[in-house]
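Reviewing the structure listed below.
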Amino acid sequence: MSDSRKIIDTRNRTIHGYDRVSADIIWVTVNKYLPVLESEVDHLLQENF
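The sequence shown begins at 1 in full-length UniProt numbering and counts up one residue at a time.
And the structure:
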């Protein structure tokens with residue numbers, strides 16, 4: 001997965017600094033990167049299952 005390190009880092013910032021995370025930033029991040037992640041996961045699933 002192309003951005004696995006960024007995904008993990010974002011998860012850690014969200015979980016451990018929840019009170020400091022902007023909902024707008026999360027919304028933009030999800031809308032920008034989720035389609036790419038979904039495509040990569042679909043591809044991995046097709047290759048392996």
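Don't be surprised by glycine CBs; every beta carbon is placed ideally from N, CA and C.
Asked                                                                                                                                                        : Found
Let me check understanding here. Comparing Cα to Cα, which of Glu-38, Leu-37 and Arg-11 lies closest to Ile-25?                                              : Arg-11
If you draw a straight line from the C-alpha of Ala-23 to the C-alpha of Leu-45, how long is it?                                                             : 30 Å
Short of 6 Å in beta carbon distance, which residues of its chain neighbour Glu-1, apart from the five on each side in sequence? Order them along the chain. : The sequence shown places Met at residue 1, rather than the Glu named in the question. Closer than 6 Å at Cβ, skipping near neighbours: Glu-40.
Mind checking which residues open and close the alpha helix (DSSP H) that includes Ser-39?                                                                   : 23-48
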